Amino acid sequence: MRIALFGDIHANLEALEAVLKDASEQGVAEYVCMGDIVGYNADPSACLEIVRAMNCPTVKGNHDEDASGNHSLDSMNPVAAAALEWTRQQLSDEQRQWLARLRMVRQVSDFSVVHSTLDQPANWNYVTNRFDAMSNFSYQFTQICFHGHTHVPRVYMKADKVQEVFTDSVTIEDGAKYFINVGSVGQPRDGDWRACYVIFDLDHQMVVFRRVEYDIAETQRKILAAGLPPMLAERIQEGR
Ligand code: ZN
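Each residue of the sequence shown is one higher than the one before, counting from 765 in our numbering.
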């Protein structure tokens, strides 16, 4: 069986649709969403409704939490805050309640899923190197945990020590633990503009990163038409 793990969609409808089409062509049978469905881009309601209709295990991202509440966004960077204020207005109360009720951590099959880290999921810590990953591993009781949040696809592997592995695919080995960042559907930050997600092939114990082209010009047009900060249209082109 093949499971698609996708997240950090950030209201990018064209990227989400392209990823779901690719996953279906790849024979994916199940889906798991890593959160940050909304924020930054111009289609929060449409993306939320697609993910909700899929009825798949979904964890909460920090933008989902911020979009669902009424708290001040003053401590946030101004561009993200402006997009979240706009997002709050686009969503119905009922949609915001759905986001608010998402869980922070889920166990699916025999792996776990979290938006940021297992040690303090509500603190939204960023894992950008193997030292950051060590705290997560102390709280990881499954062999594999998938996560997102940095928008950078990455594999952290713990055998004798914790290593950061740069790869497009990884075969799961007995005796090792894996903390795998599935990258971002709607706003990749590794210099590659294409939508990113992961397919976990359970029969072959193999995790493969997929990159998918989408109609980015249409996404950019919608960002500008919505009056969102223009740099949000620029950054998706550059993959940062
Ligand atoms: Zn995100």
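All C-beta atoms, glycine included, are put in the ideal place defined by N, C-alpha and C. Please read these numbers as outputs of a predicted model, since none were measured by experiment.
Mind reading off the beta-carbon distance from residue i to residue j? Whole number of angstroms is fine, and I expect it under 8 angstroms.
i            : j           : result
residue 880  : residue 913 : 5 angstroms
residue 774  : residue 950 : 4 angstroms
residue 971  : residue 933 : 7 angstroms
residue 798  : residue 771 : 3 angstroms
residue 1013 : residue 831 : Look at the range of the chain in this structure, 765 to 1004, and you will see that residue 1013 is not part of it.
residue 792  : residue 963 : 6 angstroms
residue 910  : residue 947 : No, residue 910 and residue 947 are not in contact; Cβ-Cβ is about 11 angstroms, not under 8 angstroms.
According to DSSP, simplified to helix, strand and coil, what is residue i?
i           : result
residue 925 : coil
residue 867 : strand
residue 933 : strand
residue 794 : strand
residue 822 : strand
residue 985 : helix
residue 786 : helix
residue 999 : helix
residue 801 : coil
residue 940 : coil
residue 916 : coil
residue 895 : helix
residue 852 : helix
residue 905 : coil
residue 827 : helix
residue 806 : coil
residue 847 : helix
residue 773 : coil
residue 832 : helix
residue 766 : strand
Could you name the residues of the same chain whose beta carbon sits closer than 7 angstroms to that of residue i, not counting the 5 residues immediately before and after it, in chain order?
i           : result
residue 967 : 765
residue 810 : 777
residue 918 : 928 and 945
residue 988 : 994 and 997
residue 931 : 919
residue 902 : 883
residue 815 : 797, 801 and 822
residue 923 : 939 and 940
Once the 5 residues before and after residue i are set aside, which same chain residues still bring their CB inside 6 angstroms of it?
i           : result
residue 787 : 768
residue 897 : 891, 920, 926 and 943
residue 783 : 770, 949, 959, 961 and 976
residue 986 : 806
residue 984 : 997
residue 885 : 868, 869 and 878
residue 965 : 766
residue 899 : 883
Identify, in the order they occur along the chain, each residue of the same chain with its Cβ nearer than 8 angstroms to the Cβ of residue i, setting aside the five sequence neighbours on each side.
i            : result
residue 1004 : 953 and 955
residue 990  : 806 and 850
residue 888  : 826, 879, 880 and 913
Measure from the C-beta of residue i to each C-beta in chain C and report whether the shortest distance is under 8 angstroms.
i           : result
residue 933 : Chain labels in this structure do not include chain C; a single protein chain is all it has.
Would you say the segment 850-861 touches the segment 930-943, given that touching needs at least three Cβ pairs under 8 angstroms? no
Using a Cβ distance threshold of 8 angstroms, determine whether the segment 817-836 contacts the segment 795-804, with at least three qualifying pairs required. yes
Entirely enclosed beta strand (DSSP E) segments - the segment 944-985, minimum 3 residues: 959-965 and 970-976
I want to know whether the segment 837-847 touches the segment 858-878 - three or more CB-CB distances under 8 angstroms. no
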